[in-house]
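Structure first, commentary second.
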Amino acid sequence: MARELSTIGVVGLGTMGAGIVEVFARNGLDVVAVEADPAGLERGKGHLEHSTGRAVARGKLSEAEQAELIGRVRFASSLEDLADCDLVVEAVPEQLNLKREIFGKLDSIVRADAILATNTSSLSVTEISVATHNPRRVVGLHFFNPAPVLKFVEVIRTVVTEDDVVDDVKALAARLGKMPVVVGDKAGFIANALLFGYLNHAVSMFESRYATREDIDAAMQLGCGLPMGPLALMDLIGLDTAYEILDTMYKQGRDRLHAPSPILKQMVTAGLKGRKSGQGFYKYAEAGSSAVV
Ligand code: 3HC
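Structure follows, in structure tokens:
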């Protein structure tokens, strides 16, 4: 029978990390949310208050429930605060060395029976796991943005991940109301491997002025019934994250579809990272907002 994981650590409170914290807290789990950057820590707190506040405004959560939910999250700035966690989910930017450094440190901080998970979108879980002394307890747990809304997670099993670890994480995902799917450790797993060629193609169409951003998005949203168009989705994902994912997949598979469109790198360099920076393919009312101006 799967072990019950009740105290969860989350490392990194960017777009994904903040959403993942909310998912766990909404489902009654105690969370330790760690972010080393003081401004990032404040943004993480603000995200939880704002997102749950929206649920209160929509009548989906009472103020008392909101307070209880927020009370389940302890915000901290040091990895040492994760010592008592049953599971730690790392959600820092998509840089292999950074993730490996964090796993190396976590290895000596958490209990020997704690599970270490990475939310990486495309990096090798195996390469991250071997930064620890016990790669058998390392697994991928890949959420989709917005994490509180989308009901699917990929559980990435390396060639050494223990069966019990996979089972425990699958049971936890089910408790979160997500459908878990177990996949092997190949860049992009299932969803990103299928999605990012399409997104990159849309960026190329925009870059070559083949069509306007509005028309590209309308074609897929109104013409194909997707919840949002590809350029709006790139803005939601974050152009920096999208670039890293494409770059990693291209280096691994050498599929032309994944060679990042040049404009993507230019936009990231210029600070146009999508919703999180207030501008990407579209301009937003403020950083983090979904309101296009
Ligand atoms: N955090 C928490 N909740 C959010 C949210 C967020 N960031 N954004 C939206 N929501 C909630 C709203 O509160 C609302 O909740 P309710 O129904 O309980 O009131 C619900 O989602 C619907 O929101 P809205 O009415 O504001 O807007 P839409 O109906 O237009 O939905 C959307 C917005 C959920 C973003 C939808 O457009 C969508 O699903 N888009 C596609 C997203 C997608 O494809 N994601 C995958 C990206 S790939 C990925 O994540 C992999 C990674 O590795 C990069």
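First residue of the sequence shown: 240, per the numbering used here; consecutive thereafter.
Just so it is clear, CB atoms sit at the ideal spot from N, CA and C, and this is done for glycine as well.
* Return the Cβ separation of Leu287 and Val312 in integer angstroms, given the expectation that the two are a contact with Cβ distance under 8 Å. => Between Val312 and Leu287 the Cβ distance is about 6 Å, and since that is below 8 Å, they are a contact.
* Would you say the beta carbon of Pro385 comes nearer than 6 Å to a heavy atom of ligand 1? -> Pro385 Cβ: within cutoff of ligand 1.
* For Glu483, which of helix, strand or coil comes out of DSSP? -> In the structure shown, Glu483 sits in a helix (DSSP, three-state: H, G or I).
* Where the alpha helix (DSSP H) containing Arg339 begins and where it ends -> Per DSSP, Arg339 is one residue of the alpha helix (DSSP H) stretching across Leu335 to Ile348.
* **Heavy atom of ligand 1 within 6 Å of Pro466 beta-carbon** => Checking every heavy atom of ligand 1 against the Cβ of Pro466, one is found closer than 6 Å.
* Does at least one heavy atom of ligand 1 sit under 6 Å from the Cβ of Lys299? -> Flag set: Cβ of Lys299 near ligand 1.
* Pick from Arg265, Lys284 and Gly267: whose alpha carbon is nearest that of Glu274? -> With respect to the C-alpha of Glu274, the residue from Arg265, Lys284 and Gly267 having the closest C-alpha is Lys284.
* Note the first and the last residue of the continuous beta strand (DSSP E) segment covering Leu380. => First-last of the beta strand (DSSP E) with Leu380: Val377 to His381.
* Is the beta carbon of Val388 within less than 6 Å of some heavy atom of ligand 1? -> The nearest non-hydrogen atom of ligand 1 is less than 6 Å from the C-beta of Val388.
* According to the neighbour-count rule (16 or more other Cβ atoms, all chains shown, within 10 Å of its Cβ), is Gln518 buried or exposed? -> Buried: at least 16 other Cβ atoms inside 10 Å.
* Asked: Shortest alpha-carbon distance to Lys512 belongs to which of Ala241, Val399 and Met473?
  -> Answer by Cα proximity: Met473.
* Could you spell out where the alpha helix (DSSP H) holding Thr291 opens and where it closes? => Start and end: Pro277 to Ala296.
* Give me the Cα-Cα distance between Thr371 and Val388, rounded to the nearest whole angstrom. => Computed Cα separation, rounded: 32 Å.
* According to DSSP, is Ile539 helix, strand or coil? -> Residue 539 lies beyond the range of the chain shown here (240 to 532); nothing can be said about it.
* By Cβ distance, which residues of its chain are closer than 6 Å to Ala533, with the 5 residues on each side in sequence left out? -> Any property of residue 533 remains undetermined from this structure, which presents the chain solely from 240 to 532.
* To do: With DSSP as the reference, please indicate the residues paired to Val507 in a beta bridge.
  => In the DSSP secondary-structure assignment, Val507 is not bridged to any residue.
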